[in-house]
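Q:
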Amino acid sequence: MSKILIGRYIPGDSIIYKMDPRGKLLACIAFIFIIFLANNWITYAIITLFSLFAVFETKLKPKVFWDGIKPLIWLILFTSLLQLLFTTGGHIYWKWLIFTISSFGIINAIYIFIRFTLIILISTVLTVTTMPLEIADAMEWILTPLKYLKVPVDKIALVMSIALRFVPTLFDETVKIMNAQRSRGADFNDGGLIKRAKAIAPLLVPLFISSLQTAVDLATAMESRGYRGSEGRTKFRVLKWSKYDLYCLGYFILLVGLLLIFRAK
Amino acid sequence: MKTKGLIRVELRDLILLGIVVAMKVVLSQFSFGPAMVKVGLGFIGDILLGYLFGPIWGAVGGGVSDLVASALFGQQGGFFIGFTLSAIVGPFIYGLFFYQKPIKVWRIIVATLLVTLIVNVGMNTMWVHILYGLDIKAALIQRAPKEIIVPWLQMIVSYFVLQSVSRVKIKK
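Chains A and B are the protein sequences, given in the same order. Those letters in the first sequence? Residues 1 to 265, per this note's numbering, in order. Those letters in the second sequence? Residues 1001 to 1172, per this note's numbering, in order.
1. Chain B beta carbons: is any one of them nearer than 8 Å to that of A/P11?
2. Give every residue of the same chain whose Cβ lies closer than 6 Å to the Cβ of B/Y1051, excluding the five residues on either side of it in the sequence, and list them in chain order.
3. Please report how far the alpha carbon of A/K59 lies from the alpha carbon of B/Q1163, in whole angstroms.
4. Closest to A/L26 by CA distance: which of A/T88, A/V125 and A/P62 is it?
5. For A/Y93, which of helix, strand or coil comes out of DSSP?
6. Less than 8 Å separating the beta-carbons of B/S1070 and B/T1112?
7. Compare the C-beta of A/K3 against all C-beta atoms of chain B and say whether one is closer than 8 Å.
8. Measuring CB to CB, does A/I46 end up less than 8 Å from A/L259?
9. With distances taken between CB atoms, is the gap from A/G105 to A/L121 smaller than 8 Å?
10. Show which residues of chain A have a CB atom less than 7 Å away from the CB atom of B/Q1142.
11. Using a Cβ distance threshold of 8 Å, determine whether the region 208-219 of chain A contacts the region 1011-1030 of chain B, with at least three qualifying pairs required.
12. Please compile the residues from chain B whose C-beta is within a distance smaller than 8 Å of the C-beta of A/I200.
13. Check for me: the alpha helix (DSSP H) holding A/S211 runs from which residue to which?
14. For A/P145, count the other beta carbons within 10 Å of its own beta carbon; 16 or more makes it buried, fewer makes it exposed. Which is it?
15. Going by C-alpha distance, which of B/I1088, B/Y1094 and B/L1027 is nearest B/G1180?
16. Just verifying my parser: in three-state terms, what is the DSSP assignment at A/G185?
17. Are B/L1096 and B/M1123 closer than 8 Å when you measure CB to CB?
18. Using DSSP bridges, identify the partner residues of A/T100.
19. Going along the chain, which unbroken runs of the alpha helix (DSSP H) with 4 or more residues stay wholly within the region 98-134 of chain A?
20. For B/F1079, which three-state DSSP category applies?
21. Nearest to A/V153 by alpha carbon, out of B/M1155, B/F1053, B/M1023 and B/W1057?
22. Give a yes or no on whether the C-beta atoms belonging to B/G1045 and B/S1065 are separated by under 8 Å.
23. Give me the Cα-Cα distance between A/A54 and A/F65, rounded to the nearest whole angstrom.
24. When the distance is taken between beta carbons, is A/A38 closer than 8 Å to B/R1012?
25. Can you tell me which of A/P168, A/L81 and A/K147 puts its alpha carbon nearest to the alpha carbon of B/D1135?
26. Does the CB of B/G1175 have a neighbour CB from chain A at under 8 Å?
27. Name the two residues that bound the continuous alpha helix (DSSP H) containing B/G1045.
28. Does A/L158 have its Cβ less than 8 Å from a Cβ in chain B?
29. Going by CA-CA distance only, name the one from A/F99, A/T43 and A/Q181 that's closest to A/V205.
30. Between the Cα of A/G89 and those of A/D245, A/N108 and A/F78, spot the shortest distance and give me the residue it belongs to.
31. Report the rounded CA-to-CA distance for A/A199 versus A/A186, giving the unit in angstroms.
32. Taking C-alpha atoms, which residue in B/L1072, B/W1152, B/K1146 and B/L1131 lies nearest to A/E134?
33. Identify the contact partners of B/Y1132 in chain A, using a Cβ-Cβ distance below 8 Å as the criterion.
34. Per DSSP, B/V1039 forms a beta bridge with which residues?
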């Protein structure tokens, strides 16, 4: 079990860092829908240029972005390869059983490769330039309209902030429990499948019991500090829109405009 | 005074939900099994959510776990509402089968198969198709080997997990 880095935030100082996390999160979500608009090589070139500009804007080392792509590189290549072999149409270069390599297939594989890479790049930009807590606040803000559907957004927000706060704690706890049981002979990486499946229970039960205890303690602590439900409370961490969010909006309007002009009908 | 008691129970449950969500996020960072078929442990979190909180709150927990994991680790392959929906449906199905019900082998088998079919094979393939423009047939072929092997391993783990967690619940 390797040590996992919690939070991928890398401090920096560029326009993207100064944007409101809500603006960044919305931009990131919008980007996925905007990428659907690209359907020929000009539009793919435009969207690649715009994304690379955002990547350069972070002023971070290329290695940061390569680390984002690296775990998925085989998946991306394999996906593109499958697309290459299963798309038919256009000029056929090679055929064997159900596999064909055609001109449509080659173009499609390249498009999918670009799409995959761009989506990963843009979400890496979001996660490295924004602190997890800010992203969570932004998500809470985006969920707010669900209030009109009678969704208990405040409660969901409470659950979210507690989960966010306890991930590192529980992570340490898990490693500690594993080490404690290893020291008395437990083996998590050896033996047959059933043995391994059984080995998970001695890990999970102490974790679960300590979670129950934490929940009781925390509930008592919150109540003794006057928590009586999420309604009628003020906010200490407040998000503020800045002029940079307007730049981003302008940037997106320009991008969508160009894509709409140049996309194949 | 009565309302105060109500808030208290609810608050404790909400906090426990938050912590179980955190547990799911932590567990999904671990995996077991030989190198060829790594089984992520995230599904244990889904089972706990469904078993402890039922379909509705379990589904809420599933959705929140996806958001929290995205905020902390960054979503592999981009933020996309579809994967959040997948994370919601998993605990929902487990909740339908496990919440306040005795643990039976058939429940585990049916629930696991349903989750595999609906969420992993159905929805996630659909999202990959929408997101990357990948051909559905190609996406299915890519997914098939894993989804044929992994559910059986998941069932074995689910059985032991549910057995041991139900013991904790009775003792409380």
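Idealized CB from N, CA, C, for every residue including glycine.
A: Per the coordinate set shown:
1. Chain B has no Cβ within less than 8 Å of the Cβ of A/P11.
2. Excluding sequence neighbours, B/Y1051 sits near F1098.
3. Answer to the nearest angstrom: the Cα atoms are 52 Å apart.
4. Taking only the C-alpha atoms, the option nearest A/L26 is A/V125.
5. A/Y93: strand per DSSP, three-state reduction.
6. No.
7. Note that A/K3 has pLDDT 43, beneath the 50 cutoff, so the model's placement of it is unreliable and the number below is only indicative. No, A/K3 does not count as interfacial toward chain B.
8. In this structure, A/L259 lies closer than 8 Å to A/I46 by Cβ.
9. The answer is no: Cβ separation not under 8 Å.
10. Against B/Q1142, the close residues of chain A are F78, T79 and L82, in the order they occur along the chain (beta-carbon pairs closer than 7 Å).
11. Under the Cβ criterion (8 Å, minimum of three pairs), the region 208-219 of chain A counts as touching the region 1011-1030 of chain B.
12. Residues of chain B with a Cβ closer than 8 Å to the Cβ of A/I200 are, in chain order, F1032, L1041, I1044, V1157, F1160 and V1161.
13. Note, A/S211: alpha helix (DSSP H), L193 to S224.
14. Counting Cβ neighbours within 10 Å, A/P145 comes out exposed, since fewer than 16 surround it.
15. Because chain B here runs from 1001 to 1172, residue 1180 of chain B falls outside it and cannot be looked at.
16. Three-state result, A/G185: coil.
17. No. Outside cutoff.
18. DSSP lists A/K95 as partners of A/T100.
19. 103-129, all fully within the region 98-134 of chain A.
20. Coil.
21. The candidate whose alpha carbon is nearest that of A/V153 is B/W1057.
22. Here B/G1045 is near B/S1065, since their CB atoms are less than 8 Å apart.
23. About 12 Å.
24. No. Outside cutoff.
25. Comparing Cα positions, the closest option is A/L81.
26. In the structure as shown, chain B begins at 1001 and stops at 1172. Residue 1175 of chain B is therefore absent and cannot be evaluated.
27. G1042 to F1073 is the span of the alpha helix (DSSP H), which, as asked, contains B/G1045.
28. Cβ-Cβ to chain B under 8 Å: yes for A/L158.
29. With distances taken between Cα atoms, A/V205 lies closest to A/Q181.
30. The shortest C-alpha to C-alpha distance from A/G89 to any of A/D245, A/N108 and A/F78 is the one to A/N108.
31. A/A199 and A/A186: Cα-Cα distance of roughly 7 Å.
32. When each option's Cα is compared against that of A/E134, the closest is B/L1072.
33. Correct list: T79, I112, R115, F116 and I119.
34. According to DSSP, which records beta bridges pairwise, B/V1039 is partnered with B/F1032.
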